[in-house]
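Undergrad: Before anything else, here's the structure in question.
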Amino acid sequence: MSESLNLSPAHPSAPEGDGVVRHGRAKGEPRFPDGPQADPAGSHFERRIRSFQPRRSRVTAGQAEALQRLWPRWGFDIDGQRVLDLAELFGDDRPVVLEIGFGMGEATAQMAAADPGTNILAVDVHTPGQGNLLALAERHGLTNVRVANGDAIILLREMLTPDSLDGLRVYFPDPWPKKRHHKRRLIQPEFLTLAAARLRPGAIVHCATDWEPYAEQMLDVLTAHPDFENTRADGGFAPRPDFRPLTRFEGQGLEKGHVVNDLLFRRVPHDGRRG
Ligand SMILES: C[S@@+](CC[C@H](N)C(=O)[O-])C[C@H]1O[C@@H](n2cnc3c(N)ncnc32)[C@H](O)[C@@H]1O
610 MSESLNLSPA HPSAPEGDGV VRHGRAKGEP RFPDGPQADP AGSHFERRIR
660 SFQPRRSRVT AGQAEALQRL WPRWGFDIDG QRVLDLAELF GDDRPVVLEI
710 GFGMGEATAQ MAAADPGTNI LAVDVHTPGQ GNLLALAERH GLTNVRVANG
760 DAIILLREML TPDSLDGLRV YFPDPWPKKR HHKRRLIQPE FLTLAAARLR
810 PGAIVHCATD WEPYAEQMLD VLTAHPDFEN TRADGGFAPR PDFRPLTRFE
860 GQGLEKGHVV NDLLFRRVPH DGRRG
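Count along the sequence shown from 1, add 609, and you get the number used in the working numbering.
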């Protein structure tokens with residue numbers, strides 16, 4: 610997990626275009642001087658096996674503007690160099706739910722608006738999505754969202770303290786369908802052990818996927834893990850709860866005829882006693 614890897618730039622240069630910010634930057638020049646950095650943890654904390662793929666990402670003018678203006682207030686880089694005080698980050702001590710892989714952030718913004726009593730720590734590496742979520746947060750007056758840029762594993766491992774999270778959401782994580790890529794799937798026993806160390810007893814882990822083999826894997830590893838118990842008495846998948854909006858990836862999966870499965874598991878007490 611802690612092997613180092615030198616990354617090539619995730620966002621290669623491209624010519625100028627209408628309403629889209631393309632970058633003719635010199636090598637090493639930051640894309641957004643006051644915004645998210647391309648490789649915030651550097652090679653020291655970078656993992657060889659990553660659950661995400663650096664994408665060529667076109668940032669619209671609106672997203673770029675939101676990043677420049679709002680990142681210093683609501684965003685931060687996952688540099689792995691400091692431990693976060695979540696009450697200080699959010700400005701209050703409301704419960705904090707971590708969402709890993711918010712994509713374009715529409716569902717995140719909807720959930721934050723519907724539940725202002727919960728703070729959402731939203732993490733992704735996807736720059737356009739970070740800009741989009743910041744813009745949505747401002748437009749809807751959301752004060753309970755913070756945007757983290759980088760690898761969620763490093764955030765969990767290096768920057769969050771035991772029992773600091775009241776929930777974890779992983780909606781439509783990259784399915785990595787090829788067998789040789791299965792090791793890149795996020796929901797694995799080692800990941801769950803790390804997440805369990807940051808979740809308070811009673812915290813809910815909520816996963817959803819439209820890739821059925823991955824759903825089965827999620828069910829298997831969550832069921833087998835001693836730190837979690839299924840909230841479903843029948844030990845199976847859960848119906849989509851009303852509080853989870855349809856996400857962008859989910860919509861694309863449904864158009865292809867995919868079946869969506871939700872999983873709702875609870876962090877058991879530290880002595881391991883199940884409810
Ligand atoms: C398939 S997309 C789903 C996005 C969104 N949840 C949806 O349903 O529309 C998965 C997202 O997870 C992000 N991701 C995967 N692994 C990650 C990690 N370790 N840390 C941060 N983001 C990650 C990817 O960058 C990508 O944006």
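Glycine included, C-beta positions come from ideal geometry on N, C-alpha and C. Note that the structure is a prediction, hence the values are computed from the model and not measured.
Looking at the structure shown, is V830 part of a helix, part of a strand, or coil, going by DSSP?
TA: On the sequence shown, position 221 is the one that residue 830 refers to. The answer is helix: DSSP assigns V830 an H, G or I state.
Undergrad: Cα-Cα, which of S773, L764 and T669 is closest to P704?
TA: As a first step, residue 704 must be located in the sequence shown, where it is residue number 95. Comparing Cα-Cα distances from P704 to each of S773, L764 and T669, the minimum goes to S773.
Undergrad: Tell me whether V868 counts as near ligand 1, meaning its Cβ is closer than 7 Å to at least one heavy atom of that ligand.
TA: Position 259 of the sequence shown, counting from 1, holds the residue named residue 868. No, the Cβ of V868 stays beyond 7 Å of every heavy atom of ligand 1.
Undergrad: Whose C-beta lies closer than 7 Å to the C-beta of P878 among residues of the same chain, with five residues either side of it excluded?
TA: Counting from one through the sequence shown, the residue named residue 878 turns up at place 269. Same-chain partners within the cutoff: P810.
Undergrad: Once you ignore the five residues that flank P854 on each side, which residues in its own chain have a CB closer than 8 Å to its CB?
TA: Taking the first residue of the sequence shown as position 1, residue 854 is located at position 245. Here the set comprises E715, A716, Q719 and M720.
Undergrad: Can you tell which of L872, R857 and R794 has its C-alpha closest to the C-alpha of G844?
TA: By 1-based counting over the sequence shown, the position of residue 844 is 235. Nearest of L872, R857 and R794 to G844, Cα basis: L872.
Undergrad: Does any C-beta atom of chain B lie closer than 8 Å to the C-beta of L693?
TA: The chain labelled as chain B is not found in the depicted structure, where only one protein chain is given.
Undergrad: Quick check for students: name the residue ranges of the beta strand (DSSP E) that lie wholly in the stretch 739-776, counting only runs of 3 or more.
TA: With a minimum length of 3 residues, the continuous beta strand (DSSP E) runs that stay inside the stretch 739-776 are 754-758.
Undergrad: Within 10 Å of its beta-carbon, does G738 have 16 or more other beta-carbons around it, so buried, or fewer, so exposed?
TA: Locating residue 738 in the sequence shown gives position 129, counting from the first residue. Flag for G738 reads buried.
Undergrad: Comparing the CB of S666 with every heavy atom of ligand 1, is any distance shorter than 7 Å?
TA: Here residue 666 corresponds to residue number 57 of the sequence shown, with the count starting at 1. No, since every heavy atom of ligand 1 falls outside the 7 Å radius drawn around the Cβ of S666.
Undergrad: Taking F914 as the reference, which of G644, W683 and L764 has the closest Cα?
TA: The question about residue 914 has no answer, for the chain in this structure spans 610 to 884.
Undergrad: For N758, does the count of other Cβ atoms within 10 angstroms reach 16, so buried, or fall short, so exposed?
TA: Residue mapping note: residue 758 aligns to position 149 of the sequence shown, counting from 1. The residue is buried, with at least 16 neighbouring Cβ atoms inside 10 Å.
Undergrad: According to the Cβ coordinates, are N741 and M768 closer than 8 Å?
TA: Locating residue 741 in the sequence shown gives position 132, where the first residue counts as 1. Locating residue 768 in the sequence shown gives position 159, where the first residue counts as 1. No, they are not a contact pair.
Undergrad: Who are the Cβ neighbours of G862 in its own chain at under 8 Å, not counting the five residues just before and after it?
TA: The sequence position of residue 862 within the sequence shown is 253, counting from 1. So the qualifying residues of the chain are F781, D819, W820 and V869.
Undergrad: Do F846 and F874 have their C-beta atoms within less than 8 Å of each other?
TA: Within the sequence shown, residue 846 is the residue found at index 237, counting from 1. Within the sequence shown, residue 874 is the residue found at index 265, counting from 1. No; because the gap between Cβ atoms is not below 8 Å, this pair is not in contact.
Undergrad: If you count every other CB in all the chains shown that lies within 10 Å of the CB of D688, and 16 or more means buried, which is it?
TA: Numbered from 1 along the sequence shown, position 79 holds the residue referred to as residue 688. D688 comes out buried.
Undergrad: In angstroms with no decimal places, state the Cα-to-Cα distance between E864 and T856.
TA: The residue you call residue 864 lines up with position 255 of the sequence shown. The residue you call residue 856 lines up with position 247 of the sequence shown. Roughly 12 Å separates the two Cα atoms.
Undergrad: Could you give the C-beta distance for I796 and A761, rounded to a whole number, given that I count them as a contact under 8 Å?
TA: As a working note, residue 796 is residue 187 in the sequence shown. As a working note, residue 761 is residue 152 in the sequence shown. The Cβ separation is near 12 Å, so there is no contact.
Undergrad: Inspect the beta-carbon positions of F641 and L676 and report whether they are closer than 8 Å.
TA: Position 32 of the sequence shown, counting from 1, holds the residue named residue 641. Position 67 of the sequence shown, counting from 1, holds the residue named residue 676. In contact: F641 and L676 (Cβ atoms closer than 8 Å).
Undergrad: Pick helix, strand or coil for G844, following the three-state DSSP scheme.
TA: For this step, residue 844 is matched to residue 235 along the sequence shown. In this structure, G844 counts as coil in the three-state DSSP scheme.
Undergrad: In the DSSP output, what is L730 paired with across the bridge?
TA: Stepping through the sequence shown from its first residue, residue 730 is reached at position 121. BP columns for L730 point to L707 and R755.
Undergrad: For my contact list, T727 and V706 are in at a C-beta cut-off of 8 Å; report their separation, rounded to the angstrom.
TA: Numbered from its first residue, the sequence shown carries residue 727 at position 118. Numbered from its first residue, the sequence shown carries residue 706 at position 97. T727 to V706, Cβ: 6 Å. Contact.
Undergrad: Using the rule of at least 16 other Cβ atoms within 10 Å of the residue's Cβ for burial, across every protein chain shown, is V734 buried or exposed?
TA: Here the question's residue 734 lines up with position 125 in the sequence shown. So V734 ends up on the buried side.
Undergrad: Determine, using beta carbons only, whether V754 and A723 come nearer to each other than 8 Å.
TA: Within the sequence shown, the letter at position 145 stands for residue 754. Within the sequence shown, the letter at position 114 stands for residue 723. The answer is no: Cβ separation not under 8 Å.
Undergrad: Could you spell out the range, first to last residue, of the beta strand (DSSP E) harbouring T818?
TA: Taking the first residue of the sequence shown as position 1, residue 818 is located at position 209. Where T818 is concerned, the enclosing beta strand (DSSP E) stretches over L808 to T818.
Undergrad: Leaving out the 5 sequence neighbours to the left and right, which residues in its chain are closer than 7 Å to T832 when beta-carbon positions are compared?
TA: Taking the sequence shown and counting its residues from 1, one reaches residue 832 at position 223. Taken in chain order, the residues that qualify are N839 and G844.
Undergrad: For L679 and P645, what's the separation of their Cα atoms in angstroms?
TA: Counted from its first residue, the sequence shown places residue 679 at position 70. Counted from its first residue, the sequence shown places residue 645 at position 36. Approximately 11 Å, taken between the alpha carbons.
Undergrad: Along the chain, where does the beta strand (DSSP E) that runs through R876 open and close?
TA: Stepping through the sequence shown from its first residue, residue 876 is reached at position 267. Here the beta strand (DSSP E) through R876 covers N870 to R876.
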